[in-house]
Each structure stands twice: as C-alpha cells, then as structure tokens.
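Protein chains in written order, with the numbering used here: chain Z, 1 to 93; chain F, 94 to 386; chain E, 387 to 643.
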C-alpha cells in the first residue's frame, strides 16, 4: 500500500509518501530517529504490516514542521529520505 | 457564518428500506455505521445483501450520533441494535460508537464498499465528504493499494459547498444542476481557499455575473483541485465517486472532463459507501469469529 | 516636490504622499472594494485636498500590492518585496529580516547590510497563514481587533488549536466558546497558531536579527508576543505605521526614479 500523508491547500501540495511494501521489510526504521522533528512512528497498517507512519498530530502542518529541513536556497538532502535504504519515502515539495 | 436565514446549506436526511426483504428471515444481520463530521450513515445488511440504510446530520452529542442514525430503520422495520450479529464502526467519529464490535478506518471501508456496489473492476475511488476528501486505489478484492486523504483544507469538502450555498442563496441540492444553466463555461475562479474564493465570488457578482455563472466558475475550481488529488495517486479505470458531494453533478461532471474518465453510475445513495463497506467487513469478521469460513 | 505611494492590498488600500525629503505629508487608507482604480483615485484626491494641491501637482505616483495591475494612473509599479525592503531599511539599517503579514499573503524578506534583497519566501492563497485568519476569528469571537490584541496579553493559559483551515478553525472556536473556554485563552491560541506558522516560514530563510514586522497584524501585540516567543527573539522592530510601509516604500522608490 502506498500512503500519502499530508495535504493540499491553496498554497500548495505537501505530501510525504510512504511505500508500505518497501517500508515493511525494513527492520531498522532509521527514518524515525533521523527526523529532527520526530514526526514518524512505527505502527501496524490496516493489513498488519509494521511500517513507519507520520504521526496524526503533525499531518496537517507538514509544510511548517518540515520547513527547517527545506531552506529556500541550497537545500541539503532530507534526513528522512537519506536514512531510508529502500527508497520508500518521497516528499512532494 | 453557517446559519443563514433560509438555511440554504441544509441537505435532507433520508432512510431506505428494501421492502422485498424481511430481516426476521435472515441468518446473519450485520451493521456498518460511518460517523462523519457532517453526516452519520448506518447500513444494515441481511446475509450479505443490502437491506436498509439511513443518513442523518451529525449532531453535537458525539455519543448519540450512531444510535440516532440507526433509529429511522428501527422505526420503519422494528429492527433493533441488539438484533445485529456484528457491528463495525468507521469514520472520523468511529471511537464514539459504544455498541460497535470493532472499528476500521474509513479508507478500508470505502474500498470495500465501492468494490461491492461498483464491481470488481473499480480501481480508483474518490470520496468527497463533509470535511475531507480521499483518493483511493483498490485491487480487485477491494483492498487498498494507494491512498491519500486531505482533511486539512475546506476547499473541495461539503463544508466549503455549504458556505457557497449560503453566499449565493441557492439550496445546496440545486448547486450542481444550476451550474450548467449557463451560456458558456467560465474560467475557474482563481482562489482555492474557501474564504478568499468567497470574496472573489462576491466581486464577480458585483461585476454583474449571474449567480449560475459564478457557481460554474467556483465548482470548476473545486473540480480542478480535487482532480489534482486523484492525479497524485494516478487515474486508473474504472472510476467511482462516493460521499455527499458525489451527488453534486456540477462537480462530478467537471472532474470527469478533467481526468478524462466517466464515473461508474450506481443507483444507490453514494453517501453510504463507507458504512456499507463497514457492514461487509462486519459479516466477514462475524464469520471469522464463528469459524464459519 | 510630491511623490505618492499606493499600496493596493487584498483588503485595504493604503496611500500616502511624501515630499522631496521623504517626509510623509499625509496618509489615508480604506477598504480596497471591488473597483481598485476608483477607490485608489478617491483616496489620493482626498490626500491632495488635505494638502491643498491638485492631483496634477503630484510629480510621480508609484503603486504596489496585489491590486497594482488594476491602477491606470500610476507611473511605476513595484513588487511587494521591493517596497518592503526599501521602506524598512530606510528606517532601520540594522534590519536583516522583514516579516510582513498582510490580509491575503504573508512574506519574509532577507536583506544584506546594504539593504539588498538576498532571499524571500511567501505564503499566499491559503488564509491559514495570513491576517484574514485573525480577522475572521475576531469576528467569530465578536470582539474588535483592538480587544483581540489586549485580551491575548492577559491569557496565562495555552490551549491548542487543532484545526488549521480557517473554515474548520471557526467551528473549533465556536465549540470552544460553547464549552466555556475563556475568550482570552482562545484569542491567545489564535495568535499562537498564526505566529507558529509565520515563524516556521521565516526559518526557511534563516532568521537573522534585527527582525522587523510590518503589515496590519504588527498592531496586534498579542501576535507580536507569540512571534517573539516562537522565534526566541528579545526584540522585533515595528515601525510606527506598520500597515503603511508598502505605500511608503513605493513612494520612496518613485522619488528615486
């Protein structure tokens, strides 16, 4: 299952997409520790796979929470994306 | 800002009973209840086929909604909550259904429900609810393979449409048809945000645009926006639309035009798909618990 | 010498006239209405009457703001970013970060020590991060914008706002009122919410002191307090007429052309 956490509002699209089929094979879940804002957690999806999920309370504010990892110029690689060995995480913005 | 003098936003509650069936003759009676932010839906299935449903407005008392949604069916047929073998709750208020045996996310329920009524070829589902909008991909089993939910922004939700109905003083149930009563399709309005769009719509009225033309421009903007959500997960036939807004032809037809795909039409109230999915899950869960399958 | 600056905003049009020495001679604002051109011309005519001059005596007119394209009598058009940089730096050469919160958009502009723009970010088209958010919440709470600012400072309790969209936030505020939450705490929650959104936008350009705040929301001291807290700043520079800074910048730039 591919899950898109985030939202679309009038200012843009802010989605973090997780491919559960790739994520569920990962034991480490290094992304959870890599995020400086601790927005991820490990949980079971509807089909019983252990996957990384974006916490409920931050889903509607990703644009703001992720802002520090996304400076307007010279953006470095995102820590969560770098930490994922399976390329399961993508950001839409 | 919701309560206008004439309540143009107010949509009607309804109840349906399949009079050809009798629940007393059934073996497995399951119930699905979808407590949404704006409406609460209850569905009763008898031996795996649809028997009754009811749609009410969600009230402020969270504990009461599920019971109130069930009640119209009890009034019509005498069935009581205790007569149901298994009850599954879903929707945003699913934690507030004291008599539910289990709760399941609305994403999974919509997938199941759409596959049941629309057929196994359904791959893309768009659910436009009162306060959110979901785009879902399912496989032929009705299992979710890809989804997104937008519940952060009111644009493209029922609440946004209620505000539009109030602004234009057009009953919400007429918005769709009246948006086609125009000479030529206008460009969409430029603001997506409901609040800014309202100012823009007001400006267009002042400029002499007819209400219907403003309505068309507004609905087209909503359709474009919702279409971009579908395109994010990808458009794959066949396409199914559910939720309260699916009754608005002004939005649905415009979405079909943008994504180049017609929605599968069914003669069932598309607002109940989530509750129906929950009732289908309820049957499977009941059978599993009883060791029937 | 007379130079006029016009800032045709989404909600309000601000206009002022300066002389050759950049002194503000007169200023006025009104709601922008639906015909930006007529409203702006009327405002400018009123200013001229006040100064005892005719419109023709104004040497040059510069315009900015989201409605600038609708004005047919201006000599120059300037971007909102440029006028903000110009006017703020004119007042205070130490400012490196300008935060502007308007009715329908907010922006952060980064300056170098020469006052040149080196970076900027903008939040537009979504009311959650703009002054409209505060305005509508004040209306829902049935209090004036002035009271809004004062009440916020009296609150000692932090309550969370869960809704982000202005439409949903309105329902949330209504239910908070019904459940007996003190208005001053709701007001503070609104200010905190908008300040946190503006602050995280500002962090994208790496906030550097001094920080200046302009736009109508700068008059809301509750918001300023929340913003200071969020950005961990001891001081935020606020010009005397924060809502006129766009118009002033337009007039200054016009004077130099």
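Yeah, the Cβ is synthetic: ideal placement off N, Cα and C, and Gly gets one too. A quick note: this is a predicted structure, and the numbers were derived from the prediction, not measured.
Helix, strand or coil: how does DSSP classify residue i here?
{"i": "residue 397 of chain E", "result": "coil"}
{"i": "residue 547 of chain E", "result": "coil"}
{"i": "residue 97 of chain F", "result": "The pLDDT assigned to residue 97 of chain F is 43, lower than 50, so where the model puts this residue is not dependable, and the model offers no usable value."}
{"i": "residue 148 of chain F", "result": "strand"}
{"i": "residue 635 of chain E", "result": "helix"}
{"i": "residue 478 of chain E", "result": "coil"}
{"i": "residue 9 of chain Z", "result": "strand"}
{"i": "residue 511 of chain E", "result": "coil"}
{"i": "residue 295 of chain F", "result": "helix"}
{"i": "residue 161 of chain F", "result": "helix"}
{"i": "residue 445 of chain E", "result": "coil"}
{"i": "residue 226 of chain F", "result": "strand"}
{"i": "residue 124 of chain F", "result": "strand"}
{"i": "residue 239 of chain F", "result": "strand"}
{"i": "residue 493 of chain E", "result": "strand"}
{"i": "residue 516 of chain E", "result": "coil"}
{"i": "residue 328 of chain F", "result": "coil"}
{"i": "residue 25 of chain Z", "result": "coil"}
{"i": "residue 578 of chain E", "result": "helix"}
{"i": "residue 41 of chain Z", "result": "strand"}
{"i": "residue 428 of chain E", "result": "helix"}
{"i": "residue 135 of chain F", "result": "strand"}
Are the beta-carbon atoms of residue i and residue j separated by less than 8 Å?
{"i": "residue 92 of chain Z", "j": "residue 14 of chain Z", "result": "yes"}
{"i": "residue 397 of chain E", "j": "residue 489 of chain E", "result": "yes"}
{"i": "residue 569 of chain E", "j": "residue 522 of chain E", "result": "no"}
{"i": "residue 640 of chain E", "j": "residue 406 of chain E", "result": "no"}
{"i": "residue 301 of chain F", "j": "residue 132 of chain F", "result": "no"}
{"i": "residue 108 of chain F", "j": "residue 142 of chain F", "result": "no"}
{"i": "residue 89 of chain Z", "j": "residue 16 of chain Z", "result": "yes"}
{"i": "residue 458 of chain E", "j": "residue 636 of chain E", "result": "no"}
{"i": "residue 453 of chain E", "j": "residue 492 of chain E", "result": "no"}
{"i": "residue 494 of chain E", "j": "residue 588 of chain E", "result": "yes"}
{"i": "residue 104 of chain F", "j": "residue 265 of chain F", "result": "yes"}
{"i": "residue 66 of chain Z", "j": "residue 31 of chain Z", "result": "no"}
{"i": "residue 218 of chain F", "j": "residue 201 of chain F", "result": "no"}
{"i": "residue 119 of chain F", "j": "residue 139 of chain F", "result": "yes"}
{"i": "residue 150 of chain F", "j": "residue 199 of chain F", "result": "no"}
Under the rule that 16 or more other beta-carbon atoms within 10 Å means buried, what is residue i, buried or exposed?
{"i": "residue 455 of chain E", "result": "exposed"}
{"i": "residue 613 of chain E", "result": "buried"}
{"i": "residue 486 of chain E", "result": "buried"}
{"i": "residue 451 of chain F", "result": "Nothing in the structure corresponds to residue 451 of chain F, since chain F is present only between 94 and 386."}
{"i": "residue 500 of chain E", "result": "exposed"}
{"i": "residue 546 of chain E", "result": "exposed"}
{"i": "residue 134 of chain F", "result": "buried"}
{"i": "residue 127 of chain F", "result": "buried"}
{"i": "residue 244 of chain F", "result": "buried"}
{"i": "residue 41 of chain Z", "result": "exposed"}
{"i": "residue 197 of chain F", "result": "buried"}
{"i": "residue 68 of chain Z", "result": "exposed"}
{"i": "residue 102 of chain Z", "result": "Lying before the first or after the last residue shown, residue 102 of chain Z is absent from chain Z, which here runs from 1 to 93."}
{"i": "residue 364 of chain F", "result": "buried"}
{"i": "residue 64 of chain Z", "result": "buried"}
{"i": "residue 112 of chain F", "result": "exposed"}
{"i": "residue 483 of chain E", "result": "buried"}
{"i": "residue 643 of chain E", "result": "exposed"}
{"i": "residue 25 of chain Z", "result": "exposed"}
Could you give the C-beta distance for residue i and residue j, rounded to a whole number, given that I count them as a contact under 8 Å?
{"i": "residue 307 of chain F", "j": "residue 297 of chain F", "result": "5 Å"}
{"i": "residue 52 of chain Z", "j": "residue 29 of chain Z", "result": "5 Å"}
{"i": "residue 580 of chain E", "j": "residue 609 of chain E", "result": "6 Å"}
{"i": "residue 268 of chain F", "j": "residue 257 of chain F", "result": "7 Å"}
{"i": "residue 388 of chain E", "j": "residue 463 of chain E", "result": "Not quite, the Cβ-Cβ distance comes to about 19 Å (not below 8 Å), so this is no contact."}
{"i": "residue 319 of chain F", "j": "residue 221 of chain F", "result": "7 Å"}
{"i": "residue 515 of chain E", "j": "residue 584 of chain E", "result": "6 Å"}
{"i": "residue 332 of chain F", "j": "residue 357 of chain F", "result": "7 Å"}
{"i": "residue 354 of chain E", "j": "residue 633 of chain E", "result": "The structure shown has nothing for residue 354 of chain E, since chain E only spans 387 to 643."}
(request) Report yes or no: do the segment 123–133 of chain F and the segment 178–192 of chain F share at least 3 C-beta pairs separated by less than 8 Å? (result) The segment 123–133 of chain F is in contact with the segment 178–192 of chain F.
(message) Using 8 Å as the cut-off, can you tell me whether the segment 152–159 of chain F makes contact with the segment 203–212 of chain F, which would need three or more C-beta pairs spanning the two stretches below that distance?
(response) The way I'd put it, the segment 152–159 of chain F doesn't touch the segment 203–212 of chain F; fewer than three beta-carbon pairs between them come closer than 8 Å.
(message) Can you confirm whether the segment 246–257 of chain F touches the segment 399–419 of chain E when touching is taken to mean that 3 or more C-beta pairs between the two stretches lie within less than 8 Å?
(response) Verdict: no, contact absent.
(request) Determine, using beta-carbon pairs with one atom in the segment 428–443 of chain E and one in the segment 614–622 of chain E, whether at least three such pairs fall under 8 Å. (result) No, the segment 428–443 of chain E is not in contact with the segment 614–622 of chain E.
(request) Report yes or no: do the segment 572–579 of chain E and the segment 466–477 of chain E share at least 3 C-beta pairs separated by less than 8 Å? (result) Touching, no.
(request) Count the C-beta pairs between the segment 80–88 of chain Z and the segment 34–49 of chain Z that are closer than 8 Å, then say yes if the count reaches three, no if not. (result) Taking a cut-off of 8 Å for Cβ pairs, the segment 80–88 of chain Z and the segment 34–49 of chain Z touch, as three or more such pairs fall below it.
(request) Decide if the segment 271–278 of chain F is in contact with the segment 308–318 of chain F; the criterion is three or more beta carbon pairs, one per stretch, under 8 Å apart. (result) By the Cβ criterion, the segment 271–278 of chain F is in contact with the segment 308–318 of chain F, since at least three pairs of Cβ atoms, one from each stretch, lie closer than 8 Å.
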